[in-house]
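In the order they appear, the protein sequences are chains A and B. Start counting the first sequence at 42; every next residue gets the next number (the working numbering). Start counting the second sequence at 4; every next residue gets the next number (the working numbering).
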Amino acid sequence: MAEFSITINGKNLSVDVDPTTPLLWVLRDHLKLVGTKYGCGIAQCGACTVHFNGTAVRSCQLPISAAADNKITTIEGLSENGDHPVQKAWLEHDVPQCGYCQAGQIMSASALLERNPNPSDKDIENAMSGNICRCGTYTRIKAAIKTASDSQIA
Amino acid sequence: MTKVKTSLGRRSFIKSVSLAGGGLIIGFNWLACKGPAEEGSEELAMQMPDEWFELNGYLKIGDNGIVTIYSPNPEIGQNVKTSMPMIVAEELDVDWNNVVVEQAPLNTEIFTRQLAGGSQSIRQGWQSLRTAGATARQMLLTAAANQWEVPVSELSVENGVIKHQGTDKTIGYGEIAKAAVNVEIPEEVELKNIDNFKIIGTSRKNVDAKKIVTGQPLFGIDTYKEGMLIAMIVQPPAFGMEFKTMDAEKAKGMPGIKDVFTIDTYPEDMEKEWSDVAAFSKLVVVVGESTWQVMQAKKEVKVEWDLSPELTKQIEILEKSAGMDGVSGLESTSIHASLMADVGSKKSEIVRRDGNPEKAFKNAARVIERSYTCPFLSHNCMEPMNFFADVSGDKAELLGPIQTPEYAELSVNKRLGFDLENIDIQMTRMGGGFGRRLYGHFLVEAAVISQKMGTPIKLVYSREDDMTNGVYRPAYHVTYRAALDGNNKLTAFHVNAGGIPESPLFANRFPAGAIDNYLAESWSMESNISTGAFRAPRSNFIAGAEQSFLDELSEEMDQDPIQFRLDLLDRAASNPVGEENDYDAARYAGVLKLARDKSGWDNTTGLSRGVAAYYCHNSYVAQILDLSVKNNQPLVDKVTCAVDCGIVVNPDAAKNMVEGGTIDGIGHALYSEMTFKDGVPQQSNFDTYRLIRHKEAPKTIDVYFIENGIDPTGLGEPPFPPIQGALANALYKATGKRFYDQPFISHMQDDLKT
Ligand code: FES
Ligand code: FES
Chain A
42 MAEFSITING KNLSVDVDPT TPLLWVLRDH LKLVGTKYGC GIAQCGACTV
92 HFNGTAVRSC QLPISAAADN KITTIEGLSE NGDHPVQKAW LEHDVPQCGY
142 CQAGQIMSAS ALLERNPNPS DKDIENAMSG NICRCGTYTR IKAAIKTASD
192 SQIA
Chain B
4 MTKVKTSLGR RSFIKSVSLA GGGLIIGFNW LACKGPAEEG SEELAMQMPD
54 EWFELNGYLK IGDNGIVTIY SPNPEIGQNV KTSMPMIVAE ELDVDWNNVV
104 VEQAPLNTEI FTRQLAGGSQ SIRQGWQSLR TAGATARQML LTAAANQWEV
154 PVSELSVENG VIKHQGTDKT IGYGEIAKAA VNVEIPEEVE LKNIDNFKII
204 GTSRKNVDAK KIVTGQPLFG IDTYKEGMLI AMIVQPPAFG MEFKTMDAEK
254 AKGMPGIKDV FTIDTYPEDM EKEWSDVAAF SKLVVVVGES TWQVMQAKKE
304 VKVEWDLSPE LTKQIEILEK SAGMDGVSGL ESTSIHASLM ADVGSKKSEI
354 VRRDGNPEKA FKNAARVIER SYTCPFLSHN CMEPMNFFAD VSGDKAELLG
404 PIQTPEYAEL SVNKRLGFDL ENIDIQMTRM GGGFGRRLYG HFLVEAAVIS
454 QKMGTPIKLV YSREDDMTNG VYRPAYHVTY RAALDGNNKL TAFHVNAGGI
504 PESPLFANRF PAGAIDNYLA ESWSMESNIS TGAFRAPRSN FIAGAEQSFL
554 DELSEEMDQD PIQFRLDLLD RAASNPVGEE NDYDAARYAG VLKLARDKSG
604 WDNTTGLSRG VAAYYCHNSY VAQILDLSVK NNQPLVDKVT CAVDCGIVVN
654 PDAAKNMVEG GTIDGIGHAL YSEMTFKDGV PQQSNFDTYR LIRHKEAPKT
704 IDVYFIENGI DPTGLGEPPF PPIQGALANA LYKATGKRFY DQPFISHMQD
754 DLKT
């Protein structure tokens, strides 16, 4: 066990855990931030996606020892009132079915738009192909990302 | 307007009404269940009511007019948590913006069928949900009429406000609710004429959407309670094996670990429910403070496993009967394939026989015969199996994702011997179901573990545990034969279908009823790999196979594939063969025609497009799929879907279901398979098990619904089966090659190698 300090959604927090503990489980088990989901644990499904200094990473593969002293944003901190353009677009298109993968989808999509505000279909497909949706909401996800992109540019 | 008896088949409903009469529910947590009211509006400036009045088990009304509607059925992503309350709200005549939706607890006294499965929630709930709304409306009207001393017939309602025609007096539902509680329950109520629907048939957003996109705790796996420990399992590495001994000393000493022990979920003498399917009853359990600690400790438990003589005996017999060498009793995919092709189909039984098929085949000028197969599939709900349990004394509190809470309650009752009143099951939103969560062994496991530990626990399966735990979609095999006469006319049709461990055959479905000489045969084979219902059970394979065969047949007969099907359906409608054809040929033809017209079907263009249509779960779906192939990778450009599921309650959400089912169907037919070597699953996570991904999804999906005012039927499953046939048929157009064995992608890659 060791003490780590970490900035999550703008708050400085400290946790006492085994250094190998993935950020995913620190968020869920220790900080009770359960919006970040477990789907595979091996960086294959994207359910656990968070922003690490602004880029999308799979938190199941990021040990707390490597995450400490960096800025992490989770779905809970993406916006204050759930009104990030991507979240709004997701509501507008009523994207979710079961909803389980959607936090990860939204975190991947918002990171994409951050670095590429006007992505092409190809850009979207490439950026989003690490996020699996068993319910098959891909066409709506793409439409929502385009809406969010338009609203950001406008 | 239709009059319905309020007690019709629902004695329990009336009972609960009288029980709940006068019931006052206070201390309701507004934030925990903000519903549609918050959707894009401030109109919910209304404060929470001071008092709630429960008119019946389906709803309660606050003194300020806010209405809480309980969604009785489990939510697995099929959106019933929005659409079921919409049906109640419609008959109640309230403003949807003043409605709050809450997940109802398991209560078999009040609700008739709290099960998510078979695409039946809306179909079976339709009448009772409408009746619940109409009954409450009637009671509110009666209370107002009594207060004003006027006849009920002079009153009307709009958006929860009652108005008296003569005097223009008005009163809101909230103000009269208290009096309504004491009104006698009407024996008969009138349901609206469907032309007067205001909510049903309009698109309403998912009531949980805001919580989903902001990451609020909704799912079973998000449960964290005071003093709760995490439990995980270690299960046999292969089907056919069982626990022998273990050395858990090292694991027990690891940080955070509380205990390591074994459980027997389903002891031999326990009376089981149909839903108690589990390949592995004896499990090793590791319990600790946090998930990561438990995951690490799991790796350090040294377990010895043994062949289970009971489980392997049958398989050995099968292997011997097939004359195989190296009999092990442990199954491998390579053996499955030959067993199905060579052994299974030879022991089939006739399920339906019309005319004289044998003679027609004997006299045929040409016989076309094709076989189709599919592998086992894992459900892979994105949220792995999990359940929270707090068992102490003679009480069990259980919370989590389950499609069959009614049966799970009975299982816990049998396993722990607790009274049903002492077993409380709460349903969470589910991160997918697809049939997997019909089988609640994980709930029983959680209860047994919690009892043993004497603490609340959350049982969580890792993805690997989840994927290698069984309850798979069975492997299937079907052979079709068609007899053509000298004029290239179809004279007989023969289907021989089977699988491990069940047959996918539906003998009375199309094209039965459309062909004079028809023979349907069925067989199945033993397996120790556990299987269960998977999105559109059996249809999920046989539809695609049948629709591929019909496509090939129409080509052999020089006919347009859609016209060919329509002609057969015409025959089935005008002069059906046999009496037990379980589809409506006109509705079937209806979706084909709609898809044809909307897609601009013209079989002479160079597009690689395939068509398929199917009937299952009481609904009809036709799909036309356009694709192109680049570098041996198929790219689906467009899918046109035509659907007849009767009245569409929530159109945009219904479209979402059809899109999802279509993508899911394409994905599984193209990419997914679960294979075995000596009983060991060869895929255990998404690095080896392929699910369709964003870049592989269709670019466009157009969805059209038939409007016919017929009572609504299911939508969670029907779009899934036929698309596999449309895909195979389009692939043929693109590659000149027919695809008979799923997943198709492995055969496209075969091509690349040659
Ligand atoms: S849980 Fe991290 S990518 Fe799947
Ligand atoms: S919405 Fe269910 S997995 Fe994506």
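Quick reminder that beta carbons are idealized off the backbone N, C-alpha and C, glycines included.
Between the CA atoms of residue 65/B and residue 138/A - distance to the nearest angstrom:
Mapped onto the first sequence, residue 138/A falls at position 97. Mapped onto the second sequence, residue 65/B falls at position 62. When rounded, the distance between both Cα atoms is 30 angstroms.
Counting only Cβ pairs nearer than 8 angstroms, list the residues of chain B close to residue 181/A.
Numbered from 1 along the first sequence, position 140 holds the residue referred to as residue 181/A. Near residue 181/A (Cβ distances below 8 angstroms), the residues of chain B are 659, 662.
Determine the direct distance from the alpha carbon of residue 562/B to that of residue 730/B, and round the result to whole angstroms.
Residue mapping note: residue 730/B aligns to position 727 of the second sequence, counting from 1. Residue mapping note: residue 562/B aligns to position 559 of the second sequence, counting from 1. Roughly 19 angstroms between the two C-alpha positions.
Select from 185/A, 129/A, 112/A, 176/A the residue whose C-alpha is nearest the C-alpha of residue 47/A.
Here residue 47/A is taken as the residue at index 6 of the first sequence, counted from 1. Minimum Cα distance to residue 47/A is reached at 112/A.
7 angstroms Cβ cut-off: residues of chain A touching residue 384/B
Taking the second sequence and counting its residues from 1, the one referred to as residue 384/B is at position 381. By Cβ distance, chain A contributes 175.
If you check the beta carbons only, do residue 126/A and residue 85/A fall under 8 angstroms apart?
For the purposes of this step, residue 126/A is identified with residue 85 of the first sequence, where counting begins at 1. For the purposes of this step, residue 85/A is identified with residue 44 of the first sequence, where counting begins at 1. No, the pair does not count as a contact, with Cβ atoms beyond the cut-off.
Going along the chain, which residues of its own chain have a beta-carbon closer than 6 angstroms to the beta-carbon of residue 267/B, five neighbours each way excluded?
Translated into the one-based positions of the second sequence, residue 267/B becomes position 264. Excluding residues within five positions, the ones whose Cβ falls inside 6 angstroms are 284, 285.
What do you reckon, are the CB atoms on residue 311/B and residue 244/B nearer than 8 angstroms?
Looking up residue 311/B in the second sequence gives position 308. Looking up residue 244/B in the second sequence gives position 241. Going by C-beta atoms, residue 311/B is nearer than 8 angstroms to residue 244/B.
At 7 angstroms on the CB atoms, spell out the chain A contacts of residue 222/B, in chain order.
Counting from 1 along the second sequence, the entry for residue 222/B is found at position 219. Going along chain A in sequence order, the residues near residue 222/B (Cβ under 7 angstroms) are 141.
Please work out which residues of its chain come closer than 7 angstroms, Cβ to Cβ, to residue 511/B, disregarding the five sequence neighbours upstream and downstream, and give them in chain order.
Here residue 511/B refers to the residue found at position 508 when the second sequence is read from its first residue. Hits under 7 angstroms: 355, 583, 584, 585.
Min CB distance residue 56/A to chain B below 8 angstroms:
Taking the first sequence and counting its residues from 1, the one referred to as residue 56/A is at position 15. Answer no: the Cβ-Cβ gap between residue 56/A and chain B never drops below 8 angstroms.
Starting from the C-beta of residue 157/B, find all residues in its chain whose C-beta is less than 7 angstroms away, skip the five residues before and the five after it, and write them out in chain order.
Here residue 157/B is taken as the residue at index 154 of the second sequence, counted from 1. Only 167, 168, 169 meet the Cβ criterion.
Please report the straight-line C-alpha distance between residue 26/B and residue 86/B, rounded to a whole angstrom.
By 1-based counting over the second sequence, the position of residue 26/B is 23. By 1-based counting over the second sequence, the position of residue 86/B is 83. For residue 26/B, the predicted model reports a pLDDT of 27, less than 50, meaning its position is unreliable; a value from the coordinates is still stated below. Cα to Cα, residue 26/B sits roughly 26 angstroms from residue 86/B.
Residues proximal to ligand 2 by C-beta, any heavy atom closer than 6 angstroms:
137/A, 138/A, 139/A, 140/A, 141/A, 142/A, 143/A, 174/A, 175/A, 176/A, 178/A, 80/B, 385/B, 435/B
Restricting to Cα atoms, I'd like to know which of 444/B, 334/B, 550/B, 94/B is closest to residue 503/B.
As a working note, residue 503/B is residue 500 in the second sequence. The shortest C-alpha separation from residue 503/B is found at 334/B.
With a threshold of 8 angstroms, are at least 3 pairs of Cβ atoms found where one atom belongs to the segment 632–650 of chain B and the other to the segment 698–715 of chain B?
yes
Please confirm whether any heavy atom of ligand 1 lies closer than 7 angstroms to the CB of residue 329/B.
For the purposes of this step, residue 329/B is taken as residue 326 along the second sequence, with counting starting at 1. For ligand 1, not one heavy atom lies less than 7 angstroms from the Cβ of residue 329/B.
Straight-line gap, residue 73/B to residue 735/B (C-alpha atoms, nearest Å):
Reading the second sequence from its first residue, position 70 is the one you call residue 73/B. Reading the second sequence from its first residue, position 732 is the one you call residue 735/B. Rounded to the nearest angstrom, the two C-alpha atoms are 48 angstroms apart.
What residues from chain A crowd round residue 655/B, counting only those whose CB sits closer than 7 angstroms?
Within the second sequence, residue 655/B is the residue found at index 652, counting from 1. Here the neighbours are 135.
Using DSSP with H/G/I as helix, E/B as strand and the rest coil, what is residue 523/B?
By one-based count along the second sequence, residue 523/B stands at place 520. It is a strand residue.
So, at 6 angstroms on beta carbons, what are the nonlocal neighbours of residue 69/A in its own chain, with the 5 sequence-adjacent residues on each side left out?
Here residue 69/A refers to the residue found at position 28 when the first sequence is read from its first residue. Excluding sequence neighbours, residue 69/A sits near 75.
What residue does the alpha helix (DSSP H) around residue 327/B start on, and which one ends it?
The residue given as residue 327/B occupies position 324 in the second sequence. First-last for residue 327/B: undefined, no H or E at that position.
Throw me the rounded Cβ distance for the residue 318/B and residue 529/B pair, which I believe falls under 8 angstroms.
The sequence position of residue 318/B within the second sequence is 315, counting from 1. The sequence position of residue 529/B within the second sequence is 526, counting from 1. Confirmed, about 7 angstroms.
Check whether the Cβ of residue 113/A lies closer than 8 angstroms to any Cβ atom in chain B.
Counting from one through the first sequence, the residue named residue 113/A turns up at place 72. Output row for residue 113/A: interface = no.
Is residue 693/B near ligand 1, with its Cβ less than 7 angstroms from a heavy atom?
The count along the second sequence starts at 1 and reaches residue 693/B at position 690. Outside the cutoff, so no.
Answer with yes or no whether the minimum CB distance from residue 144/A to chain B is below 8 angstroms.
For the purposes of this step, residue 144/A is taken as the residue at position 103 of the first sequence. Output row for residue 144/A: interface = yes.
If we define contact as Cβ-Cβ less than 8 angstroms, is residue 60/A a contact residue for chain B?
Counting from one through the first sequence, the residue named residue 60/A turns up at place 19. No, because no Cβ of chain B sits closer than 8 angstroms to the Cβ of residue 60/A.
beta-carbon residue 97/A near ligand 1 non-hydrogen atom, thresh 7 angstroms:
Looking up residue 97/A in the first sequence gives position 56. Checking every heavy atom of ligand 1 against the Cβ of residue 97/A, none is found closer than 7 angstroms.
Closer than 6 angstroms between the C-beta and any heavy atom of ligand 1: which residues qualify, listed along the chain?
79/A, 80/A, 81/A, 82/A, 84/A, 85/A, 86/A, 87/A, 88/A, 89/A, 99/A, 101/A
Is residue 99/B close to chain A? Criterion is C-beta to C-beta, closer than 8 angstroms.
Residue 99/B sits at position 96 when you count from the first residue of the second sequence. No, its Cβ sits nowhere closer than 8 angstroms to a Cβ of chain A.
Assess, as a yes-or-no matter, whether the segment 422–431 of chain B is touched by the segment 461–471 of chain B under the definition of 3 or more beta carbon pairs within less than 8 angstroms.
no
Residue 702/B (DSSP reduced to helix, strand or coil)
As a first step, residue 702/B must be located in the second sequence, where it is residue number 699. Note: residue 702/B maps to coil in three-state DSSP.
Mind checking whether the beta-carbon of residue 477/B lies closer than 7 angstroms to any heavy atom of ligand 4?
As presented, the structure is devoid of ligand 4, carrying ligand 1 and ligand 2 as its sole ligands.
May I ask you to report which of helix, strand or coil DSSP gives residue 109/B?
For the purposes of this step, residue 109/B is taken as the residue at position 106 of the second sequence. Three-state result, residue 109/B: coil.
Which runs of the alpha helix (DSSP H) spanning at least 4 residues fall entirely within the segment 317–378 of chain B, listed in chain order?
336–341, 360–365
Run through chain B and tell me which residues come within less than 8 angstroms of residue 73/A, C-beta to C-beta.
Taking the first residue of the first sequence as 1, we reach residue 73/A at position 32. Here the neighbours are 227.
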